[in-house]
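> Each residue of the sequence shown is one higher than the one before, counting from 61 in this note's numbering.
Beta carbons: idealized from backbone N, C-alpha and C, even for Gly.
Have a look at this one before I ask anything.
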Amino acid sequence: MSDGSNAPASAKIRADAAGERANIVRAAITQATWTGDEASMIAKHEGFVRSAAAQGAQVICFQELFHGPYFGIIQDPQYYGYATSVPGPLVERFQALAAEHHIVIVLPVYEEEQAGVLYNTAAVIDADGSYLGKYRKHHIPHLPQFWEKFYFRPGNLDYPVFDTAVGKIGVYICYDRHFPEGWRILGLNGAEIVFNPSATKPGLSNRLWELEQPAAAVANQYFIGANNRIGTETEEFGDEAVTFYGSSYFVDPRGNYVGAIASTDTDEIVIRDLDLGLIRETRNSWQFYRDRRPDSYDPIARA
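Quick look at the structure:
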């Protein structure tokens with residue numbers, strides 16, 4: 061397990077006497093191999109919550125579609141069976157765990173709104189176990205080994221920011237990260253930390269993985285936690301399987317990595333202390349929000 065911490069685990073998450081949150085938030089992201097079945101995958105991630113909480117983490121985000129394989133590799137209706145209601149039993153299971161350990165959980169799942177209406181979704185659970193809402197992935201790829209339009213409708217819940225016990229949290233999911241507009245909307249909606257749970261394979265994406273989240277953090281001046289799956293799901297997909305390369309990390313509002321990047325091939329909880337005071341400091345130095353020109357951006361919406 062990787063902690064890379066630089067502040068005490070006792071940093072407060074609830075309002076102090078003056079009504080202000082502590083600046084330091086201890087945040088965690090996970091990267092994990094597919095176990096081969098949903099029950100053990102869920103149990104593995106319950107263990108991640110317990111371990112992260114024991115290390116003082118106040119918020120944790122799992123990888124994309126955490127409770128199953130990354131089935132976008134092929135087009136097969138059997139994988140519709142992984143879809144679950146949100147909220148529903150799976151979310152409720154982690155609500156109880158969040159309340160027990162006083163930790164905010166970002167829970168990326170396969171959502172069924174009704175029969176045949178399916179989304180790539182992240183539920184957000186507060187540290188008291190309350191369900192705050194969900195984000196649905198907007199941008200859906202349809203490429204070899206990423207046949208996601210077979211499984212998901214495009215998201216339709218805008219770009220919500222959730223007011224949690226540790227601050228204002230936004231979510232962007234995997235392929236979304238290639239589209240700068242959503243990153244900016246999350247910033248305009250007040251996000252302080254944005255999580256980007258992903259399933260990313262080697263190739264062109266390696267360089268983009270290094271570039272895009274730091275660039276988005278700089279442009280929008282907030283923290284980003286980017287996590288990727290690991291392993292090769294050969295038993296599930298045979299010769300079609302790809303090798304996910306992990307390399308999960310946090311980046312600050314200046315585009316700097318917070319601690320080391322995670323391994324490429326090991327189950328890992330990446331835990332870092334994020335000083336939210338750096339957001340105001342960075343924005344006061346670089347007034348990107350002041351100097352925006354939305355009146356000149358109409359071609360983006362028209363195109």
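1. Tell me, to the nearest whole angstrom, how far the beta carbon of Y317 is from that of V330; I am working on the premise that it is less than 8 Å.
2. Is the separation between the beta-carbon of Q115 and that of V85 shorter than 9 Å?
3. Looking at C-beta atoms only, is the number of pairs between the segment 152-161 and the segment 210-226 that lie closer than 8 Å three or more?
4. Going straight from the alpha carbon of G230 to that of D299, what length do you get?
5. Whole angstroms is fine: what's the gap from E172's alpha carbon to I321's?
6. Counting beta carbon pairs with one atom in the segment 92-111 and one in the segment 235-246, are three or more of them shorter than 8 Å?
7. Bridge partners for K194 per DSSP, in chain order?
8. Tell me where the alpha helix (DSSP H) around D351 begins and ends.
9. Using the beta-carbon count (16 or more within 10 Å), is R196 buried or exposed?
10. Report the residue from G247, T326, Y170, I290 whose alpha carbon sits nearest the alpha carbon of S145.
11. How many angstroms separate the CA atom of F210 from the CA atom of D136?
12. Taking the beta strand (DSSP E) that G230 falls in, what are its first and last residues?
With the given structure in hand:
1. About 11 Å; that fails the 8 Å criterion.
2. no
3. no
4. 36 Å
5. 34 Å
6. no
7. A183
8. 348-351
9. buried
10. Y170
11. 8 Å
12. 227-231
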